[in-house]
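Asks:
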Amino acid sequence: MPLQQSDTVVSAPFIESRQTISVVMRQVIYALIPGIAVAVYFFGWGVLTNLVIASASALLWESVALYLRKRPIITYLSDTSALLTAVLLGLALPPMAPWWLLVTGTFFAIVVAKQLYGGLGYNTLNPAMAGYAVLLISFPREMSSWITPVTLPAMDMGFVETLVFVFFSELPNSVSLDSLTSATPLDYMRTEIGRGASFNDINSSSVVGAFSGRGAEWINLAILLGGLWLCYKKLISWHIPVTVLTSLGVLAGIFHIYSPDQYAGPLFHLFSGATMLCAFFIATDPVSAATTPLGKVIYGLGIGILIYIIRTWGGYPDAVAFAVLLMNFTAPLLDQYAIPRNYGFKSKGYKSKGVWRKGSIQDE
Amino acid sequence: MFKKRLSKSPLFARKKKLYGGVNLPGFKSLSNTTRIETLPISPQLVMPLKQHIGEPAKPVVEVGERVLKGQVIAETSGYISAPVHASSSGIVAAIEARPIPHAATIKEPCIVIHTDGKDEWHPAIQPVPKPLKLPAAEIRQRISDAGVVGLGGAVFPSAVKLKPTREIETLIINGVECEPYITCDDVLMRYEADAIIQGALLLARIIKPHEIVVAIEDNKPEAYQSLVNAVERFEQAGVTAVSIINVTQVPTIFPAGGEKQLIKVITGKEVPSGSLPYEVGIVCLNVGTTAAIHDAIYYGRPLVSRIMTVTGDAVGSPGNYRVLLGTPIDFVLSQAGVTAHDDVAVIMGGPMMGVAVADQSVPVVKAANCLLIKSDRQIRQPVASMPCIRCGQCASACPMKLVPQQLYWHARSKSFDKLVTYHIDDCIECGCCQVVCPAKLPLVHYFRFAKSELKAREQERKKADISRLRSETRLLRLEKIKQEQEERKARRKANRKRAASRGDGVVSSATAKPEVSATQQQSPDLESVESPAASESDDQPRTMVR
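Top line first, the protein sequences correspond to chains A and B. If you count the first sequence from 1, you need to add 1366 to reach this note's numbering. If you count the second sequence from 1, you need to add 744 to reach this note's numbering.
1) I'd like to confirm the pairing. Which residues does DSSP put opposite Thr992(B) in its beta bridges?
2) Determine the closest residue to Thr1386(A) out of Tyr968(B), Leu1213(B) and Cys1132(B), with distance taken between C-alpha atoms.
3) Going by DSSP, what residue range makes up the alpha helix (DSSP H) through Met1092(B)?
4) Would Ile1010(B) pass as a contact of Ala948(B) if the rule is Cβ separation under 9 angstroms?
5) Thinking just about the alpha-carbon of each residue, which of Thr1657(A), Ala1630(A), Leu1591(A) and Ala1689(A) is nearest to the one in Val1394(A)?
6) Would Glu781(B) and Gly1070(B) be called neighbours here (beta carbons separated by less than 9 angstroms)?
7) Roughly how many whole angstroms lie between the Cα atoms of Val983(B) and Pro875(B)?
8) Met1130(B) bridges to which residues according to DSSP?
9) Grab the span of the alpha helix (DSSP H) containing Arg1240(B) for me, first residue to last.
10) Could you please give the first and the last residue of the uninterrupted alpha helix (DSSP H) stretch that includes Val1406(A)?
11) Give the range of the beta strand (DSSP E) segment to which Leu1068(B) is assigned.
12) Lys1257(B) by DSSP, collapsed to three states: which one?
13) Any beta carbon from chain A within less than 9 angstroms of Gln1150(B)'s own beta carbon?
14) Starting from Val1015(B), find everything on chain A with Cβ-Cβ shorter than 7 angstroms and list it in chain order.
15) I need the DSSP call for Leu789(B), collapsed to helix, strand or coil.
16) Name, please, each residue of chain A whose Cβ falls closer than 8 angstroms to the Cβ of Glu1145(B).
17) So is the beta-carbon of Val1478(A) under 8 angstroms away from any non-hydrogen atom of the ligand COA?
18) If I measure Cβ to Cβ from Ala1139(B) and keep anything under 7 angstroms in the same chain, skipping five residues before and after, which residues do I get?
19) Straight-line CA distance for Leu1567(A) to Pro1626(A)?
20) Which residue marks the beginning of the alpha helix (DSSP H) containing Pro1659(A), and which one marks its end?
21) What does Glu852(B) pair with, by DSSP beta-bridge criteria?
22) Alpha carbon to alpha carbon, how far is Val904(B) from Ile855(B)?
23) Out of Leu1667(A), Leu1450(A) and Phe1621(A), which has the shortest C-alpha to C-alpha gap to Arg1392(A)?
24) Label Tyr1709(A) either buried or exposed according to how many other C-beta atoms from any shown protein chain fall within 10 Å of its C-beta, with 16 as the threshold for buried.
25) Using alpha carbons as the reference points, say which of Lys907(B), Val1024(B), Ser832(B) and Glu1228(B) lies closest to Ser1049(B).
26) Once the 5 residues before and after Val811(B) are set aside, which same chain residues still bring their CB inside 8 angstroms of it?
27) In its own chain, which residues sit with a C-beta less than 6 angstroms from the C-beta of Ser821(B), not counting the 5 before and 5 after it?
28) Shortest alpha-carbon distance to Arg1556(A) belongs to which of Tyr1674(A), Ser1388(A), Gly1661(A) and Ala1448(A)?
29) Which chain B residues sit within Cβ distance under 7 angstroms of Asp1445(A)?
30) Quick one: what's got a C-beta closer than 8 angstroms to Leu1691(A)'s C-beta in the same chain, skipping five residues either side?
31) Return the chain-ordered list of same chain residues with a C-beta closer than 7 angstroms to the C-beta of Ala1689(A), the five sequence neighbours on each side being excluded.
32) If we define contact as Cβ-Cβ less than 9 angstroms, is Ile1091(B) a contact residue for chain A?
33) First and last residue of the alpha helix (DSSP H) that includes Lys1162(B)?
34) Against chain A, with Cβ distances strictly below 9 angstroms, would Lys1118(B) count as a contact?
35) Measure from the C-beta of Gln1734(A) to each C-beta in chain B and report whether the shortest distance is under 9 angstroms.
36) Anything in chain A within Cβ reach of Arg1235(B), meaning under 9 angstroms, just list it in chain order.
Pasting the structure below:
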């Protein structure tokens, strides 16, 4: 459609807000800062190397893709959506991930999942989670070497050692990879319960901290804080976070009550893994999520349920990525059918004009 | 059944609250601190024949004729229409197409008057001694004759609104001036509250509402106080009719002043899509309109002027002016202290729903509640809009609860059927969606385009229907003629046969007769012409007719 591009005014409205895509994305990144800080405290410099390498390569991939697609590079780079994708992916990957893992991950996230689909606004899948899923399936060993959460001062790996490991896969002589890494709380729980251990045994083991996975619980709390700030600033609506957390919590609660030995409780599920990151930052990605209020509710419920199912009975403990990707596919359908009731109409949804007019509220 | 009971319970009743909306900076104090000033008479007045929704008025004066102030120069044509009156005395200089305030800077027929500066009222315009004693029908007729239309911007002929077929519960007097910058209703309420109240009482005589609600936004405490005081004054003076008037404040949010929105805020009711408010027992009129109705009845004066806010950073003396309708905008600008005419952008109406004026010779019309004059730089449309990220901000801001984001996709892909099912007709073009859009998409522009395209298609379709109908009737007619010819032929044939075999006796003539009646049965039935079976049974080739 030709838009009038004359040098005078075009048409009303003549005022605009200062909110731009770039501002929104940047604020979402700011909201992640507390979570990142706590993650650094528990997992060391490896978190930061993840974020920096992922960001740099994401921006690079984005530029290359934009150049090949003949799109204005500066305009689209400054929307900071690639940076947000990189930050989310960097946080989701095991800290101290080798550089090539991050570069590959961002390639799939930015070039394949986003730019090949038409760039910003056109991707059906959440780019960060698409990249994560590809890595998880292709490089299971690297993807499962999570650093044992200790506190930053007590860490064997200093900043330089971390860099050396990330780029050259060389560890200091005194440290071995086995001593450095361990199963994540979710992974541990899955294998132990699979072996017939009861949840009480797991609860008393070292992977569980004060109320949930050791280390993860505090990271999740910090991310929750950032997420609540996003809600307060109305950058995300309450629908998706609340429904994701509710359905996951309720489902975990039901099974926990049914058999406390076999199934972990709601607190464990809500504060371990990437639950909070998913609820507030990943599932709420507007491009790949449902958009209408009812659609968001269904979408969020679906993600929560899928997370529980995959964590409890699935092949991978990394449930968030798959839950989000699966629900991404439903978003277009939800947008089509979960439509709000318009002003002056009696019922929800869209019908053909004739039927519709009969249903307008006047009939009552 | 359970569901029905649920929806009836007060817990689930619709809240008296606006859907969506946006909070906007007001900029009201720029123009609402001074009293209403009257602008001098412009040497030339340009009166468009269509300053209202509906049919344009028909001119009843000729070029060269002297007209007096308040004289009808163009009369109504059709049910939804309004007359045009001369705003001042002078000579009719031309009746021709002139540029009018419109987004596309189009020209429409106007009556041009060269004023003589005497401002002489027409002798027939006289005050009415006891206006509240007039019969309802007469009041309504006078409102119609005075050319009063909705002065809030919609310019719907008021008299049409006042002929409701249902019992009216609530009359809403709309003092919710929700657009930024505009203050003409605000100052009107401050300084002419009595006229508004008296106008409301006149309206009450026509439609007999159970209640009159005067709604004012809570960012206009002075106007609110002024109206409350006016009601008290009337009460003390013994006017019992004011007891049904309820002056109330509503929260400041754009677009609470929209008719459908205000009805929702005041009563909790929704106006069904495609119908007028009186169908849910409500009539809603703007305060300016109410005051104009007061003038039309009490003083007998038709609508020849209106209060207009002239504001913006490029105006030397911003404020509210009483301007004669038809005054060219450049005259208004120079009177209001706008020095550099070429360097400013002029918007008629507010910044949310106004119309950019490219040609400053366009006249002030009945709809013109505001002239917003901004230094050029501020007003240009942003060039770079990003792709839609489907954040849904537009949907949460939409006061009609539409999904602008979906409408945008369908407007872009020109899928007009989809646009209809997603109710683009219900879009009020308030601009909320566009204001909150982080991608800076020109959403309203797309919707306007789609709506005009849909309208054009509808007209195309109607035209096509008419011509199809015409060709079908023609076909039927030809068919009928052909069959009649055949019939005649068959009859002649039968007659000939009969004549030839006259000697054969009674038997053969008896067999010939049913033949005739069979063809007769076939011919006049118009419905059977269309069915293929009928055409196949025809022996004659039909191609000639087609």
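Virtual Cβ for every residue (Gly too), placed ideally from N, Cα, C.
Replies: According to the structure data:
1) The partner list for Thr992(B) (beta bridge, DSSP) reads Ala959(B).
2) Ranking Tyr968(B), Leu1213(B) and Cys1132(B) by CA distance to the CA of Thr1386(A) puts Cys1132(B) first.
3) That residue, Met1092(B), is in no alpha helix (DSSP H); its beta strand (DSSP E) goes Val1088 to Met1092.
4) Taking 9 angstroms as the Cβ cut-off, Ile1010(B) and Ala948(B) do not qualify as a contacting pair.
5) That would be Leu1591(A), whose Cα lies nearest to the Cα of Val1394(A).
6) Judged by their CB atoms, Glu781(B) and Gly1070(B) are not nearer to each other than the 9 angstroms cut-off.
7) If I take the Cα positions, the gap works out to 14 angstroms.
8) For Met1130(B), which the question treats as bridged, DSSP gives no partner whatsoever.
9) Going by DSSP, Arg1240(B) is part of the alpha helix (DSSP H) stretching over Leu1187 to Ala1244.
10) Run containing Val1406(A): Ile1399 to Phe1409, per the alpha helix (DSSP H) assignment.
11) From DSSP, the beta strand (DSSP E) with Leu1068(B) extends over Gly1063 to Leu1068.
12) Note that Lys1257(B) has pLDDT 48, beneath the 50 cutoff, so the model's placement of it is unreliable and the number below is only indicative. Here Lys1257(B) sits in helix by DSSP.
13) Yes, because at least one Cβ of chain A sits closer than 9 angstroms to the Cβ of Gln1150(B).
14) Correct list: Gly1710.
15) Leu789(B): strand per DSSP, three-state reduction.
16) It is worth fixing the name first, because residue 1145(B) is Lys in this sequence and not Glu. Residues of chain A passing the Cβ test: Pro1706, Arg1707, Asn1708 and Tyr1709.
17) Ligands in the displayed structure: none, and consequently the ligand COA is not present.
18) If the five residues before and after Ala1139(B) are omitted, its C-beta is found closer than 7 angstroms to the C-beta atoms of Val1147, Pro1148 and Gln1149, all from its own chain and listed in chain order.
19) One point to set straight first is that residue 1567(A) is Asp, not Leu, in the sequence displayed. Cα atoms of Asp1567(A) and Pro1626(A): separation of roughly 11 angstroms, rounded to the nearest angstrom.
20) From DSSP, the alpha helix (DSSP H) with Pro1659(A) extends over Pro1659 to Trp1679.
21) Answer is Arg842(B).
22) When rounded, the distance between both Cα atoms is 25 angstroms.
23) Of the candidates Leu1667(A), Leu1450(A) and Phe1621(A), the one whose C-alpha sits nearest the C-alpha of Arg1392(A) is Leu1450(A).
24) By the neighbour-count rule (16 or more Cβ atoms within 10 Å), Tyr1709(A) is buried.
25) Taking each of Lys907(B), Val1024(B), Ser832(B) and Glu1228(B) in turn and checking the Cα distance to Ser1049(B), the smallest one comes out for Ser832(B).
26) Excluding positions up to five away in sequence, the list reads Val805, Ile817, Ala830, Ser833, Gly834, Ile835, Val836 and Ile857.
27) So the qualifying residues of the chain are Glu799 and Lys802.
28) Of Tyr1674(A), Ser1388(A), Gly1661(A) and Ala1448(A), the residue nearest in Cα terms is Tyr1674(A).
29) Met1130, listed in chain order.
30) Here the set comprises Leu1491, Asn1492, Met1495, Ala1496 and Ala1499.
31) Cβ-Cβ distances below 7 angstroms link Ala1689(A) to Ile1669, Leu1672, Ile1673 and Ile1676 in the same chain, with the five nearest sequence neighbours on each side left out; the list follows chain order.
32) At a cut-off of 9 angstroms, the C-beta of Ile1091(B) has a neighbouring C-beta in chain A.
33) First-last of the alpha helix (DSSP H) with Lys1162(B): Phe1160 to Thr1165.
34) Closer than 9 angstroms: yes.
35) The structure shown does not extend to residue 1734(A), since chain A spans only 1367 to 1730, so no value can be given for it.
36) Correct list: empty, because the minimum Cβ distance to chain A is about 49 angstroms.
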